[in-house]
Amino acid sequence: MKKMVYLLMLLCFITLCQAETGWKGKWISVEQSQSKPNTWLAFRKEVMLAAKPDGLTARIAADSKYWLWINNEPVVFEGGLKRGPARNATYYDEIEIAPYLTQGENTIAVLVWHFGKNGFNHINSGTAALLFEAVNADIEIVSDESWKAMLYGAYQDTEAPFPNYRMPESNIRFDARKEVAGWNRMGFTGRMPDVSYFVHVEDAPQGQLVKRPIPMFKDYGLRDYTDIRKSADGDTLFCKLPYNCQITPYLKVKAKAGAMINMLTDNYMGGGSPNVRAEYIIRDGEQAYESFGWMNGHEVWYVIPDGVEVMEVKYRETGYNTEFVEPFQCNDPFLNELWKRSARTLYITMRDNYMDCPDRERSQWWGDEVNELGEAFYALTPSSHQLALKGIYELMNWQRADGVIFSPVPAGNWNRELPLQMLASVGWYGFYTQYFYSADSSFVPVIYDRLHRYLHDVWKVDFNGLAIERTGEWNWGDWGNNIDLGVLTNCWYYLALKAEREFALQLNKTSDASEIRNMMSRIEAAFDRQFWTGTAYRSPGYEGETDDRAQAMAVVSGLAGKDKYPALTKVFKTAYHASPYMEKYVLEALCMMGEATFAMERMKSRYANMMNFDYTTLFEGWGIGDEGFGGGTINHAWSGGPLTVLSQKICGIEPLSPGFLSFRVAPQMGSLTEASASVASVNGEIKVNVKKNRKMLSVSVTVPIGTSCEVSFPSGKKVSLSSGEHTVQGN
Numbered sequence: 003m004k005k006m007v008y009l010l011m012l013l014c015f016i017t018l019c020q021a022e023t024g025w026k027g028k029w030i031s032v033e034q035s036q037s038k039p040n041t042w043l044a045f046r047k048e049v050m051l052a053a054k055p056d057g058l059t060a061r062i063a064a065d066s067k068y069w070l071w072i073n074n075e076p077v078v079f080e081g082g083l084k085r086g087p088a089r090n091a092t093y094y095d096e097i098e099i100a101p102y103l104t105q106g107e108n109t110i111a112v113l114v115w116h117f118g119k120n121g122f123n124h125i126n127s128g129t130a131a132l133l134f135e136a137v138n139a140d141i142e143i144v145s146d147e148s149w150k151a152m153l154y155g156a157y158q159d160t161e162a163p164f165p166n167y168r169m170p171e172s173n174i175r176f177d178a179r180k181e182v183a184g185w186n187r188m189g190f191t192g193r194m195p196d197v198s199y200f201v202h203v204e205d206a207p208q209g210q211l212v213k214r215p216i217p218m219f220k221d222y223g224l225r226d227y228t229d230i231r232k233s234a235d236g237d238t239l240f241c242k243l244p245y246n247c248q249i250t251p252y253l254k255v256k257a258k259a260g261a262m263i264n265m266l267t268d269n270y271m272g273g274g275s276p277n278v279r280a281e282y283i284i285r286d287g288e289q290a291y292e293s294f295g296w297m298n299g300h301e302v303w304y305v306i307p308d309g310v311e312v313m314e315v316k317y318r319e320t321g322y323n324t325e326f327v328e329p330f331q332c333n334d335p336f337l338n339e340l341w342k343r344s345a346r347t348l349y350i351t352m353r354d355n356y357m358d359c360p361d362r363e364r365s366q367w368w369g370d371e372v373n374e375l376g377e378a379f380y381a382l383t384p385s386s387h388q389l390a391l392k393g394i395y396e397l398m399n400w401q402r403a404d405g406v407i408f409s410p411v412p413a414g415n416w417n418r419e420l421p422l423q424m425l426a427s428v429g430w431y432g433f434y435t436q437y438f439y440s441a442d443s444s445f446v447p448v449i450y451d452r453l454h455r456y457l458h459d460v461w462k463v464d465f466n467g468l469a470i471e472r473t474g475e476w477n478w479g480d481w482g483n484n485i486d487l488g489v490l491t492n493c494w495y496y497l498a499l500k501a502e503r504e505f506a507l508q509l510n511k512t513s514d515a516s517e518i519r520n521m522m523s524r525i526e527a528a529f530d531r532q533f534w535t536g537t538a539y540r541s542p543g544y545e546g547e548t549d550d551r552a553q554a555m556a557v558v559s560g561l562a563g564k565d566k567y568p569a570l571t572k573v574f575k576t577a578y579h580a581s582p583y584m585e586k587y588v589l590e591a592l593c594m595m596g597e598a599t600f601a602m603e604r605m606k607s608r609y610a611n612m613m614n615f616d617y618t619t620l621f622e623g624w625g626i627g628d629e630g631f632g633g634g635t636i637n638h639a640w641s642g643g644p645l646t647v648l649s650q651k652i653c654g655i656e657p658l659s660p661g662f663l664s665f666r667v668a669p670q671m672g673s674l675t676e677a678s679a680s681v682a683s684v685n686g687e688i689k690v691n692v693k694k695n696r697k698m699l700s701v702s703v704t705v706p707i708g709t710s711c712e713v714s715f716p717s718g719k720k721v722s723l724s725s726g727e728h729t730v731q732g733n
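Okay, so the sequence shown: first residue is 3 according to our numbering, each after it adds one.
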């Protein structure tokens, strides 16, 4: 019976995630394709139109990625999303193609890259194929038997080393001697066979089709490198990028056939595991090539054989389609640079999904995503909100039959639960922050029952009402040592209940809300009795040093009363165990305790070594190599907590109602004399500038039309502001 309920819930979820039916197009492929890893297919269709259409939307899906040209014009550079809105479902894109069409003959060409293997962020359907449909009252262009297609043999595998097992992408080798020149252009006279594989949507292994919930990727175009230098022996070009970014490398060369150029970045071994690289085998003469598999790093390396004349090298940056807000600025250059690197780290860990890092695995670990989605509200414009919403649906759509949720998902070779990360994801800093800061509650009724099942059927409490530790498949609280899992478990569980109660009230589930409030009250009553020692929080049986993470979570959850703050402040001044992931909560706890001065001192102390490196992104651990954690990537999502703390707590910008319709500005300047920040809320842009002269604060605020603001000064003075530009003073 439970299995049947689970299947019915799964069907409901896919439906509510905009699964689509009624397709006229068919999934098409070629008979030579064995759908093996790293398969590339080329598709082509000639279309006669009586008139140029005013509008025509194409729906396009592929397992796994595609590039689209219409009438010689590039229309989509890397379309498609890694597969897995649910276990048997595939995303499709909607593209407005009318501007590229013309009266008379039109040529549509699509290149498809089939990953052909599972990863920590992709589940393989097992079939390389394309689905295309553009239909209105007068036009019907659909993928069917009339298309031409070929297995594109110029795209090949490289020799070892290959990308590590977490990544579904392969290295890309392109043998230009086998290039089919002009296959994607009008007037092509070469031979392409007819499509020989076609399957109706409802019969295809790609499963349910779900509309892409995030914007198409942003293409910044081909650009020159900021600097190019040669190795001592002259065989390698080190091409500097302006910052760590997601790029595809381009080259233009002249040589005789057969030589091979290698392309990789300085992050090729980021995190200690091989990532993606590319190879290009030259044909005779002058030629240009761009490798379509994105890489990341601060430099691109071209390894050039003897006899090859390099005429030009460039790069194309692509990424999630959002914009940065005006950055946090203050009179401390260190904090300004830390905010900037946090924002760069956030952006480079966004694409198909939020990721822990853009090189080692590109996977949607929810411990990372909780920190990321919080940062996005203070660093990026509202289009960024959609990425976390996509992640919420995916996380809950992949819930196991036993009620357990796990990440990373989508996943074809992973299903292990990290219990504390899952509590963080569904709780106050995860799902609730996404709702409250974006004002989008559309996901709440969709995921609520599954959330409730996880928190009340999977998790259990003891006779005191405290959460019983669960090992899951990986009982992970943080990198590092001295991790007090007992205290952390109860704080994260309490915050998850706190979020669930708010959702229950939204949905008028008063019985659930009452039950949850009772559970929270029991935790509140038992927490100090079980864990407080008189100087710190500690689990019975825990033998490590006092855990700064546990104290921080006790504060931010509200379970630690203000009477505990003096003792806890002493702990934070001596205990430095948290990784960059959990340090965010330590810094936030200090600000909540009125210790902003020390919060910034600790922030600078902890990040000092990392900031001494000449990188534009932040690390997985506090350093590189032995000073890192978990492989030690130099661009790790969770490390950007200072961004949130500086904008939210130091400048003091926080919502009082969903979407910042009303908001508070409660600056905690500490030793700073000036600071500013902005928020691109769904209700308009908020700008705050604070100047401090001794104890007097001058606060300038831009309050968007239709919103209201409360400025709160350290003395307790409060000033209410309506829409407009305001400057108020207090101490």
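Beta carbons are placed, not taken as given, at the ideal position from N, Cα and C, and that holds for glycine. In this text the structure is predicted, and so the values were computed from the model without any measurement.
Can you give the beta carbon distance from residue i to residue j, rounded, assuming they're within the 8 angstroms contact cut?
i: Gly-82; j: Tyr-102; result: Not a contact, Cβ separation roughly 18 angstroms.
i: Asn-277; j: Pro-165; result: 6 angstroms
i: Pro-412; j: Lys-84; result: 6 angstroms
i: Asn-373; j: Ala-639; result: 7 angstroms
i: Tyr-587; j: Arg-540; result: At roughly 17 angstroms, the Cβ-Cβ gap does not stay under 8 angstroms, so Tyr-587 and Arg-540 are not in contact.
i: Val-681; j: Tyr-380; result: 6 angstroms
Over the uninterrupted beta strand (DSSP E) stretch that includes residue i, give me the two end residues.
i: Lys-342; result: Counting along the chain, Lys-342 falls outside any beta strand (DSSP E), though it belongs to the alpha helix (DSSP H) covering 335-350.
i: Arg-318; result: 311-321
i: Arg-666; result: 664-667
i: Thr-109; result: 106-116
Would you tell me roughly how many angstroms separate the C-alpha atoms of residue i and residue j, rounded to the nearest one?
i: Pro-716; j: Trp-478; result: 38 angstroms
i: Met-11; j: Glu-502; result: Residue confidence is low: Met-11 scores 48 on pLDDT, short of 50, so the model does not pin down where it sits. Its coordinate-derived value is still stated next. Cα to Cα, Met-11 sits roughly 19 angstroms from Glu-502.
i: Arg-231; j: Thr-618; result: 20 angstroms
i: Ala-340; j: Tyr-154; result: Note that residue 340 corresponds to Leu in the displayed sequence, not to Ala. Approximately 46 angstroms between the Cα atoms of the pair.
i: Gln-248; j: Ala-679; result: 26 angstroms
i: Tyr-434; j: Ala-64; result: 33 angstroms
i: Phe-176; j: Tyr-291; result: 9 angstroms
i: Asp-334; j: Ser-344; result: 16 angstroms
i: Arg-455; j: Met-352; result: 30 angstroms
i: Thr-548; j: Asp-486; result: 8 angstroms
i: Ala-234; j: Phe-240; result: 11 angstroms
i: Phe-330; j: Glu-396; result: 32 angstroms
i: Gly-189; j: Leu-113; result: 17 angstroms
i: Val-647; j: Met-297; result: 30 angstroms
i: Val-730; j: Tyr-94; result: 50 angstroms
i: Ile-97; j: Ala-60; result: 5 angstroms
i: Val-312; j: Ala-556; result: 59 angstroms
i: Glu-48; j: Pro-76; result: 16 angstroms
i: Leu-699; j: Ser-724; result: 20 angstroms
i: Val-201; j: Gly-128; result: 14 angstroms
i: Cys-711; j: Ala-441; result: 17 angstroms
i: Lys-4; j: Ala-88; result: Legend: pLDDT at Lys-4 = 45, less than 50; position of this residue unreliable, value from coordinates given subsequently. For Lys-4 and Ala-88, the distance between alpha carbons rounds to 19 angstroms.
i: Ser-198; j: Leu-490; result: 57 angstroms
i: Ile-283; j: Ala-259; result: 8 angstroms
i: Ala-562; j: Met-521; result: 17 angstroms
i: Val-428; j: Met-194; result: 50 angstroms
Got a sec, what are the start and stop residues for the alpha helix (DSSP H) residue i sits in?
i: Ala-91; result: No alpha helix (DSSP H) holds Ala-91; the beta strand (DSSP E) holding it covers 91-98.
i: Tyr-102; result: Note, Tyr-102: premise wrong, no alpha helix (DSSP H); not H, not E.
i: Glu-585; result: 582-594
i: Gly-643; result: 643-647
i: Asn-520; result: 512-533
**OP:** Indicate whether the contact test is met: 3 or more Cβ pairs, each with one atom in the segment 571-587 and one in the segment 199-214, closer than 8 angstroms.
**Re:** no
Subject >> Three CB pairs or more closer than 8 angstroms across the segment 246-254 and the segment 606-613 >> reply: no
Original post:
Just checking, does the segment 278-295 make contact with the segment 254-270 on the three C-beta pairs under 8 angstroms criterion?
Top reply: yes
Original post:
Are there three or more Cβ pairs, one per stretch, closer than 8 angstroms when the segment 31-47 is compared with the segment 139-151?
Top reply: yes
**OP:** State whether the segment 493-507 contacts the segment 423-437, with contact taken as three or more CB pairs (one from each stretch) at a distance under 8 angstroms.
**Re:** yes
Original post:
Which full runs of the beta strand (DSSP E) of 3+ residues lie inside the segment 128-213, going along the chain?
Top reply: 132-137, 142-144, 150-153, 174-177, 199-202, 210-213
Original post:
Just checking, does the segment 665-675 make contact with the segment 594-603 on the three C-beta pairs under 8 angstroms criterion?
Top reply: yes
Original post:
Any contact of the segment 649-669 with the segment 697-713, i.e. 3+ C-beta pairs under 8 angstroms?
Top reply: yes
Subject >> Cβ pair count under 8 angstroms reaching 3, the segment 104-112 against the segment 47-61 >> reply: yes
Subject >> Completely contained beta strand (DSSP E) runs for the segment 349-432, where each covers 3 or more residues >> reply: none
**OP:** Please specify which runs of the beta strand (DSSP E), each continuous and at least 3 residues long, are wholly inside the segment 676-706, giving them in chain order.
**Re:** 676-683, 686-695, 698-705
**OP:** Kindly confirm or deny that the segment 415-432 and the segment 463-482 touch, where touching means at least three C-beta pairs closer than 8 angstroms.
**Re:** yes
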